[in-house]
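Data first, discussion second: the structure below is written as structure tokens.
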Amino acid sequence: MDDFKTANGRPATVRSFGQSLFAKIKSLKRSRQVLLAVLLLLVVFLAYGCWYFYRVLRPEDLFDKPPLPHDDGAANPVPAQTGGEKAEGDFSTNIVSVVLLGFDGNRERDSIYSMYRTDTIKIFAVDFDKKTVRIIDIPRDSYTRIADTQTYDKINHAYYYGHQYVGEGDRHLQGIEYTLRSISNLLGGIPLQYYVTVNMDAVVELVDSIGGVRFNVPYDVYDKDGVLQLKKGETVLHGEQYLHYLRNREKGGDEGRMKRQTELLLATLDHLRAEGLVKNLPTLYNTYKDLIDTNLTNQQVISLLLFAARLERDRISTYTLTGSGQSKDGIYYMVLPPEAIAEVLRDVYGIDFMPEAQEPLRDTVPAVPKAFSAVVVDHDGGRAVSLSWQKGDSRNRSFKLY
Numbered sequence: 002m003d004d005f006k007t008a009n010g011r012p013a014t015v016r017s018f019g020q021s022l023f024a025k026i027k028s029l030k031r032s033r034q035v036l037l038a039v040l041l042l043l044v045v046f047l048a049y050g051c052w053y054f055y056r057v058l059r060p061e062d063l064f065d066k067p068p069l070p071h072d073d074g075a076a077n078p079v080p081a082q083t084g085g086e087k088a089e090g091d092f093s094t095n096i097v098s099v100v101l102l103g104f105d106g107n108r109e110r111d112s113i114y115s116m117y118r119t120d121t122i123k124i125f126a127v128d129f130d131k132k133t134v135r136i137i138d139i140p141r142d143s144y145t146r147i148a149d150t151q152t153y154d155k156i157n158h159a160y161y162y163g164h165q166y167v168g169e170g171d172r173h174l175q176g177i178e179y180t181l182r183s184i185s186n187l188l189g190g191i192p193l194q195y196y197v198t199v200n201m202d203a204v205v206e207l208v209d210s211i212g213g214v215r216f217n218v219p220y221d222v223y224d225k226d227g228v229l230q231l232k233k234g235e236t237v238l239h240g241e242q243y244l245h246y247l248r249n250r251e252k253g254g255d256e257g258r259m260k261r262q263t264e265l266l267l268a269t270l271d272h273l274r275a276e277g278l279v280k281n282l283p284t285l286y287n288t289y290k291d292l293i294d295t296n297l298t299n300q301q302v303i304s305l306l307l308f309a310a311r312l313e314r315d316r317i318s319t320y321t322l323t324g325s326g327q328s329k330d331g332i333y334y335m336v337l338p339p340e341a342i343a344e345v346l347r348d349v350y351g352i353d354f355m356p357e358a359q360e361p362l363r364d365t366v367p368a369v370p371k372a373f374s375a376v377v378v379d380h381d382g383g384r385a386v387s388l389s390w391q392k393g394d395s396r397n398r399s400f401k402l403y
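See the structure below:
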């Protein structure tokens, strides 16, 4: 066999074929060489394009081992209840949960605040087998254990704990990780690996980029100063109007707002279909992706967008968790009943698990302030009242003056 090999070990027939092909290409006229090179490039680009679109049209192939924000690839276990109990069962690999976090920040507020809260928390559970999307709304005031600590607080404070109190590393990612773990605690330890975050400026720019969204506003919407912002009826909501409606709590408080936010998101999906913009989603995302923070890859984002855009509305269902308002140390919390959480786990993830019931929160009664006094003073040419007192407790809270 050695007679048929060259000195470097390659078969002589392969080398001679390569040399022959190169010689033929070299013998072509310059114009034909250029044409051949262009054709080869087109073939390569077409092959890549076919492979890329095959991938994005099969999103289930893109989510084998989803990472946590700080991991290199393997998902870490997320603790659930204080006692270590968590939802057990076979979490289908074809259900991908993406957590949407809406921060209450924008450029105007950046000069005042150093960080923001996650005032919108939604889980999008995408089932590739059943071709469904289930949206779970989490109240921002939900009382839960913060990540793997023993601290209980509002769920929208979890980002603050991770951002401020974890050691070295990216503070933002630590805040996101704490948020995901805290949501998982609330829901019995379900695995949550993927996230998408936007702030108020991002919402405005993204909506304006598609020319606004046609929507039937259910009632007249006023701002906090009583100024009419949106009239009842069908209209096209542009960026600022869209944001104002998203944030409005006039009807139904936080629960009403969560439901209206989901309705508006679904209306946005309908608008994209009606206006023929679905085909533009990959281009739109690549243009405006800097407005979004996520640990999803470009392919994963585009595949999920196209998957959702192909779904009929009856394949998308929503769950809005709610509970009882309770107070502790003068602070309001929303305590979710375990039965409501168990129903979501069963319907969305096919898991039978009843979380521990939360003990009712008990408020404290602060001590009466001491040495309270009021003095009328002149201030900037006008009359004012100066109040002073010795605080009645360590927090100096609960004193309302009218």
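Here our numbering runs 1 ahead of the position in the sequence shown, where the first position is 1. Cβ atoms here follow ideal geometry from the backbone N, Cα and C, with glycine treated the same way.
(1) Looking at the unbroken alpha helix (DSSP H) that takes in N299, where does it start and where does it end?
(2) Helix, strand or coil: how does DSSP classify L362 here?
(3) Check whether the region 278 to 298 touches the region 117 to 136, taking contact to mean three or more Cβ pairs, one atom from each stretch, closer than 8 angstroms.
(4) Looking only at its own chain, which residues have a Cβ that is under 8 angstroms from the Cβ of Y114, when we skip the five neighbours before and after it?
(5) Count the other CB atoms within 10 Å of the CB of A81; is the residue buried (16 or more) or exposed (fewer)?
(6) Return the CA-CA distance between Y195 and H173, expressed in angstroms with no decimal places.
(7) Please list the terminal residues of the continuous beta strand (DSSP E) segment that includes R146.
(8) Using DSSP bridges, identify the partner residues of V214.
(9) Rounded to the nearest angstrom, what separates E178 and I147 at their Cα positions?
(10) Look up R384 in the DSSP assignment and give the residues it is bridged to.
(11) Starting from V345 and walking both ways along the alpha helix (DSSP H), at which residues does that stretch end?
(12) Report yes if the CB atom of G189 is closer than 8 angstroms to the CB atom of F354, and no otherwise.
(13) Specify the secondary structure class of Q165 as computed by DSSP and reduced to three states.
(14) Roughly how many angstroms separate the alpha carbons of M335 and D379, rounded to a whole number?
(15) Around the Cβ of R311, are there at least 16 other Cβ atoms within 10 angstroms (buried) or fewer (exposed)?
(16) State the DSSP-derived secondary structure class of I124, mapped to helix, strand or coil.
(17) Does the beta-carbon of D62 have 16 or more other beta-carbons within 10 angstroms, so that it is buried, or is it exposed?
(18) Please report the straight-line C-alpha distance between R384 and I332, rounded to a whole angstrom.
(19) Which word fits R314, buried or exposed, when buried means at least 16 other C-beta atoms lie within 10 angstroms of its C-beta?
(20) Between the region 321 to 332 and the region 163 to 170, do at least 3 Cβ pairs fall closer than 8 angstroms?
(21) On the three-state DSSP scale, how would you describe Q194?
(22) Should the region 257 to 275 be regarded as contacting the region 212 to 228, the criterion being three or more beta carbon pairs within less than 8 angstroms?
(23) Among R110, T119, K123, L306, whose alpha-carbon lies nearest the alpha-carbon of R261?
(24) Within the continuous beta strand (DSSP E) that includes H333, where are the two ends?
(25) Taking only the alpha-carbon atoms, compute the straight-line gap between T288 and K225 and give it to the nearest angstrom.
(26) Under 8 angstroms by Cβ, that's how I've got I184 and V100 pegged, so tell me the actual separation to the nearest angstrom.
(27) Helix, strand or coil: which one does DSSP assign to Q151?
(28) Nearest-angstrom Cα distance between K232 and N281?
(29) I think H239 touches V208, with their Cβ atoms under 8 angstroms apart; what is that distance to the nearest whole Å?
(30) With distances taken between CB atoms, is the gap from S328 to D364 smaller than 8 angstroms?
Working from what's here:
(1) Translated into positions along the sequence shown, residue 299 becomes position 298. Residues 299 to 311.
(2) Walking along the sequence shown from the start, residue 362 turns up at place 361. Reduced to three states, the DSSP call for L362 is coil.
(3) no
(4) Taking the first residue of the sequence shown as 1, we reach residue 114 at position 113. Excluding positions up to five away in sequence, the list reads G106.
(5) Start at 1 with the first residue of the sequence shown, and residue 81 comes out as number 80. Because the pLDDT of A81 is 34, which lies under 50, any placement of that residue in the model is unreliable, and the question is left without a value.
(6) Stepping through the sequence shown from its first residue, residue 195 is reached at position 194. Stepping through the sequence shown from its first residue, residue 173 is reached at position 172. Taking the straight line from one Cα to the other gives about 15 angstroms.
(7) Counting from 1 along the sequence shown, the entry for residue 146 is found at position 145. Where R146 is concerned, the enclosing beta strand (DSSP E) stretches over 144 to 146.
(8) For the purposes of this step, residue 214 is taken as the residue at position 213 of the sequence shown. The partner list for V214 (beta bridge, DSSP) reads L238.
(9) For the purposes of this step, residue 178 is identified with residue 177 of the sequence shown, where counting begins at 1. For the purposes of this step, residue 147 is identified with residue 146 of the sequence shown, where counting begins at 1. Roughly 11 angstroms between the two C-alpha positions.
(10) As a working mapping, residue 384 is identified with position 383 in the sequence shown. DSSP lists D379 as partners of R384.
(11) For the purposes of this step, residue 345 is taken as the residue at position 344 of the sequence shown. Segment 339 to 350, the alpha helix (DSSP H) holding V345.
(12) Taking the first residue of the sequence shown as position 1, residue 189 is located at position 188. Taking the first residue of the sequence shown as position 1, residue 354 is located at position 353. The answer is yes: Cβ separation under 8 angstroms.
(13) Taking the first residue of the sequence shown as 1, we reach residue 165 at position 164. The DSSP-derived three-state label of Q165 is helix.
(14) By 1-based counting over the sequence shown, the position of residue 335 is 334. By 1-based counting over the sequence shown, the position of residue 379 is 378. Using only the alpha carbons, I get a separation of about 44 angstroms.
(15) Indexing the sequence shown from 1 puts residue 311 at position 310. Flag for R311 reads exposed.
(16) By 1-based counting over the sequence shown, the position of residue 124 is 123. I124: strand per DSSP, three-state reduction.
(17) In the sequence shown, the residue the question calls residue 62 occupies position 61. D62 should be labelled exposed.
(18) Locating residue 384 in the sequence shown gives position 383, counting from the first residue. Locating residue 332 in the sequence shown gives position 331, counting from the first residue. Cα-Cα distance, rounded: 34 angstroms.
(19) Counting from 1 along the sequence shown, the entry for residue 314 is found at position 313. Exposed, by the Cβ-count rule.
(20) no
(21) Taking the sequence shown and counting its residues from 1, one reaches residue 194 at position 193. Reduced to three states, the DSSP call for Q194 is coil.
(22) yes
(23) Residue numbering aside, residue 261 sits at position 260 when the sequence shown is read from its first letter. Ranking R110, T119, K123, L306 by Cα distance to R261 puts K123 first.
(24) Here the question's residue 333 lines up with position 332 in the sequence shown. Per the sequence presented here, residue 333 reads as Tyr, with His not at that position. Here the beta strand (DSSP E) through Y333 covers 332 to 336.
(25) The residue given as residue 288 occupies position 287 in the sequence shown. The residue given as residue 225 occupies position 224 in the sequence shown. Spanning the two alpha carbons is a distance of roughly 34 angstroms.
(26) As a working mapping, residue 184 is identified with position 183 in the sequence shown. As a working mapping, residue 100 is identified with position 99 in the sequence shown. Between V100 and I184 the Cβ distance is about 6 angstroms, and since that is below 8 angstroms, they are a contact.
(27) In the sequence shown, counting from the first residue as 1, residue 151 sits at position 150. Q151: coil per DSSP, three-state reduction.
(28) In the sequence shown, counting from the first residue as 1, residue 232 sits at position 231. In the sequence shown, counting from the first residue as 1, residue 281 sits at position 280. Using only the alpha carbons, I get a separation of about 30 angstroms.
(29) Translated into positions along the sequence shown, residue 239 becomes position 238. Translated into positions along the sequence shown, residue 208 becomes position 207. About 7 angstroms; that satisfies the 8 angstroms criterion.
(30) Within the sequence shown, the letter at position 327 stands for residue 328. Within the sequence shown, the letter at position 363 stands for residue 364. It is a contact, given that the beta carbons lie within the stated cut-off.
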